[in-house]
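Trainee:
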Amino acid sequence: MTYIIIMAIIMVVGMVGMGWFYKIMDNDQH
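This is the structure in structure tokens:
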């Protein structure tokens, strides 16, 4: 059960981090 929670947190953090990073890169280019 613990592994599922950890994996879920990592996935959420990763998705948010990538979205934020992509947003900054997109902002930088324009």
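Sequence positions in the sequence shown follow the working numbering and run 1 to 30.
For glycine and all other residues, C-beta sits at the position ideal for the given N, C-alpha and C.
Owing to the predicted nature of the structure, the values given are computational and were not obtained by experimental measurement.
#1: Measure the C-alpha to C-alpha separation of Q29 and M11 and round it to an integer number of angstroms.
#2: Classify M18 as helix, strand or coil using the three-state DSSP reduction.
#3: Helix, strand or coil for M1? Go by DSSP, reduced to three states.
Mentor: A quick look at the data gives this:
#1: 27 Å
#2: helix
#3: coil
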